[in-house]
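Read the structure below first, then the notes.
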Amino acid sequence: MNATNRTSRTSDLVSLAQATDATGQVDLGAYQAYRLINAHQTLDGMDAAGVVDAIMASPVYADERGRAQVGQLIEAISSRLPPADARRFDAALDAAQLDESWVERNYERYVEEPLGAAAHQAKAGLGQALAWSDQQISDNLAAARRWAQTAPTQPQNLYLDRAASEMAAGSQEAYGALKGATRHGLAMLGDTVELAALAHQFSTDRDFRNLLIGAASVYAAQAIDDPAKLPRDLRNAAIGAWNQWEAGLEQATRDGKEHEYLGDAKGAAAVEIIATFVPVSKLTKLAHIAQVAHAGEELAPVAGRVAGTLERKQAGALAADLVELAQDARHVQVSGGLAADGANLMFHGLAGVKRSQGELGALVDGLHASGNLGGLLQSGALSPRELAHLARRDVTLFDGEVSFHAAIDAYVGKRALTELENHEVGAIGEALVSHDLAARGYTDLVPIQNNSGHGIDVVGINPQTQRWESFEVKASVQGIARSQGGDPEQFVVSRLNRAIAKQGQWAPQNTWEEQAQSTAARVLAEARDITTGKVDIEANWAKVNLARDPATGTLTGTPEIGKWMTPAERHHERALPRETPAPRSPADADHPDHALHQQIKGKVAELDQQAGRSFDATSERMTASLLVLAKKQELARVDHVLLGTPSANPDAVQNVFLVQGSPTDHAMVRTSMPTLQAIQTPVEQSHQQLEVINQRLAQEHAQQQAQQQATDQTRPPPGPQLTV
């Protein structure tokens, strides 16, 4: 049976399901690999260094036979990793010098062949950046760099030349001022970064380019009237040149010629234009952002690399620049319009750069610690998989100004839901289910894609029963997320029961598989019901129909979760007599409590808006709970929904209040319930309670009518009436 002290073993459980085939045969090598992979999942994928540390700390590795056979374990892990994780695993193995003799003998077979192309491509790109000379960047930027050193000439630049002539009617004075600003801006950038490497990185790395373009637009939007910058007309000239450059990039991208466009003089010219319209006070910060965003030291001037490294180790100066940029971008983002698009682009670029470096988790933690996570969530830069991971890790991350549903909605953006790929729909469905379960208090949640590749399961611990539960997720954007039908395989439960049936046939091939066999036997013993001999895991079915609210256009999709049943169980349930119909939803217009439900829903939505959140599954649960409370207290209407003031006592219960009338009116009616209970009670449970209350009220009303009729019948008839 399940016990409360096993909440950290869910990854062991799902790993065993993954390593079991349809016949119940368990691949013990695969099980050991999956255990290590699943137990070390982070926002950035697998923690490669953690896996290597776990291998080296294992008692099996301490044995000579285990060290000699570690190559088979490494092969089992590597073959089950996506390319990015495999590269990090390779690097971690190399750094730890794990069984160097084996790695030397088998590197090409197990590591280099599957990853060689990507690794060589990355190294080639790095070499190109370091080898770029002035002539390879562009004539414009090469001349601009010479400006920064000696300022002997005023070379031609088609973008700035055209912009200056249009804005200043060909005035040589205006043209010279514009060129002078460009020269000064590049000089300031060149004090911090190598312009050659910067231009190359800008031209070849989309995330890096988006980060710099977005950051530049944020800085420029903040300094329209900056006296330290160009006069307004010249600044507008530079921005006009930039708009022309960006339009050219968009057209080249549509034509499939993005690399060609960025590879010639136009790619480097963008750096020149950015240096012109970004405020002087922000240029050094922009250079710092570029430097800290880059994975290596290549962007720092040679003379300044040691100093720059020391600076990063002291006081977190560059991290502070990122925090400041995130704050600036959030302010611009909230203002909306084109400026907000630039802020969103910056967050997309920053997340992309950190994702490629395996540091997205550190970025999220840093932004959260500094109170700036909202901007990243609002930008749509995080994928549903990443958002789901955050919800499973700490669901309170979405209690701030941007809710989980708003972050998912931002990821989808303005795309029609029918434009989403199937894998995106599945990932969004799994994310919404993970968030819903985490908000309801489920712990140790682990996602698993079943072997068919068409379904996603989530496994976790029920907070009330402390039992393992699994949820098979089905999602759709057509309103047809299928209910249970036929005899679909509930993946986790089915595979584990088959593994139990074949347990006597396990045949370990090495010492690592012997350890895996022992672990698998222990996990099955913990999960097995001693009465039935099968795993004691409650299987559930979760369907999510994604849609857009017709009034607001926001994404909606509340998971509908029910117990998974076999065809025989479903047939038996349908055959049972139904004394009462299934409870109707008060959200339906023909429901007798629809008006009261809509009043409460509107007030809950106001609370969400005040907190910077959007109406989501948590709001739905609170609405349903409060409707039950209103019916219990026989409120005729709800004029206010108010949250109690948090207490300094961490153990104090915070309540949510319903008010009929004005809060300042002595005649008002007020009632309350614990906020945590309101947001955790499933909607279906609240609707069932509402149905019971309505049945009771109907019976009481019928009794009152019967009593009134009896009273009327026993009352003596009235006397004669006088008439005039």
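By the count of full-length UniProt numbering, the sequence shown reaches residue 724 at its end, each step adding exactly one.
Where a beta carbon is used, it is the ideal one built from N, C-alpha and C, also for glycine.
Reduced DSSP secondary structure (H/G/I, E/B, other) of Thr618: In the structure shown, the three-state DSSP call for Thr618 is helix.
Thr675 and Leu643 closer than 9 Å at C-beta: With contacts defined by Cβ atoms closer than 9 Å, Thr675 and Leu643 form a contacting pair.
Any 3 or more C-beta pairs closer than 8 Å across the stretch 524–539 and the stretch 401–421: With a cut-off of 8 Å on Cβ pairs, the stretch 524–539 is not in contact with the stretch 401–421, counting fewer than three such pairs.
Close Cβ partners of Gly374 (< 8 Å) along its chain, the five nearest in sequence each way excluded: Counting only Cβ-Cβ distances below 8 Å, and skipping sequence neighbours, we find Arg330, Gly400, Glu401, Val402 and Gly612.
Unbroken alpha helix (DSSP H) run spanning Trp541, endpoints: From DSSP, Trp541 is part of no alpha helix (DSSP H) but of the beta strand (DSSP E) over Glu538 to Asn545.
Secondary structure of Leu382, DSSP reduced to three states: Here Leu382 carries a coil assignment [DSSP, helix/strand/coil].
Unbroken stretches of the beta strand (DSSP E), 3 residues or longer, contained in the stretch 25–53: List check, beta strand (DSSP E) in window: nothing returned.
Residues of its chain near Gly413, where Cβ-Cβ distance is below 8 Å and the 5 sequence neighbours each way are ignored: The residues are Gly380.
Lys631 - DSSP class collapsed to helix/strand/coil: Under the three-state reduction of DSSP output, Lys631 falls in the helix class.
For His389, the three-state DSSP class (helix, strand or coil): Helix.
Per-residue DSSP class, three states only, for Asp457: Here Asp457 sits in strand by DSSP.
First through last residue of the alpha helix (DSSP H) which encompasses Gln677: First-last of the alpha helix (DSSP H) with Gln677: Thr675 to Gln680.
Sufficient close CB pairs (3 or more, under 8 Å) joining the stretch 682–694 to the stretch 657–667: Fewer than three beta-carbon pairs drawn from the stretch 682–694 and the stretch 657–667 are found closer than 8 Å, and the two stretches are therefore not classed as touching.
Runs of alpha helix (DSSP H) wholly within the stretch 403–470 (minimum 4 residues, chain order): Counting only runs of 4 or more residues that sit fully inside the stretch 403–470, the alpha helix (DSSP H) segments are 404–412 and 422–439, in chain order.
Candidates Leu377, Arg87 and Glu246: closest to Ala216 by CA position: Answer by Cα proximity: Glu246.
First and last residue of the uninterrupted alpha helix (DSSP H) at Asn497: Note, Asn497: alpha helix (DSSP H), Phe491 to Ala501.
Outcome for Ser662 when other beta-carbon atoms lying within 10 angstroms are tallied against a minimum of 16: Exposed.
Whole-angstrom distance between Ser281 and Ala177, CA atom to CA atom: Caution applies to Ala177, whose pLDDT of 49 falls short of 50 and renders its modelled position unreliable; the model cannot decide the point.
Contacts around Ile561, its chain only, beta-carbon distance under 6 Å, and the 5 residues preceding and following it disregarded: Answer for Ile561: Asn540 and Ala542, listed in chain order.
Test item: CB-CB of Arg80 and Tyr34 under 9 Å: With respect to Tyr34, Arg80 sits close: the two C-beta atoms are nearer than 9 Å.
Distance CB(Leu43)-CB(Ala516) smaller than 9 Å: Going by C-beta atoms, Leu43 is not nearer than 9 Å to Ala516.
Per-residue burial, Asn497 [other beta carbons within 10 Å of its own, 16 or more giving buried]: By the 10 Å Cβ count, Asn497 comes out buried.
Residue range of the beta strand (DSSP E) that includes Glu401: Segment: none, Glu401 is in no beta strand (DSSP E) and carries neither H nor E.
Arg637 vs Ile679 beta-carbon contact at 9 Å: Taking the C-beta atoms as reference points, Ile679 is found no nearer than 9 Å to Arg637.
Short Cβ contact (9 Å threshold) for Gln41 with His368: No, they are not a contact pair.
Lys354 versus Asp321: straight-line alpha-carbon distance, rounded: Using only the alpha carbons, I get a separation of about 15 Å.
Integer-rounded CB distance, given that Gln97 should sit under 8 Å from Trp512: Under the criterion of beta carbons closer than 8 Å, Trp512 and Gln97 do not qualify as touching, at roughly 19 Å.
Contact with chain D by Ala595, beta-carbon distance below 9 Å: Chain labels in this structure do not include chain D; a single protein chain is all it has.
Assigned secondary structure, Ile274 (DSSP; H/G/I helix, E/B strand, else coil): DSSP places Ile274 within a helical segment (H, G or I) once states are collapsed to three.
Cβ-Cβ distance between Ile461 and Tyr442 below 9 Å: A distance below 9 Å separates the beta carbons of Ile461 and Tyr442.
Residues that Thr671 bridges to, as DSSP identifies them: Beta-bridge analysis with DSSP links Thr671 to Leu658.
Contact check, Val446 vs Val433, beta carbons under 9 Å: At a Cβ-Cβ threshold of 9 Å, Val446 and Val433 do not count as neighbours.
Gly361 burial status per 10 Å Cβ neighbour count (16 or more: buried): Counting every other CB atom within 10 Å of its CB across the protein chains shown gives Gly361 a total of 16 or more, marking it as buried.
Check whether Gly342 and Val334 have beta carbons under 9 Å apart: No. Outside cutoff.
Length of the line joining the Cα atoms of Leu36 and Asp588: Cα to Cα, Leu36 sits roughly 48 Å from Asp588.
Span of the beta strand (DSSP E), counted from its first residue to its last, around Leu642: Residues His640 to Leu643.
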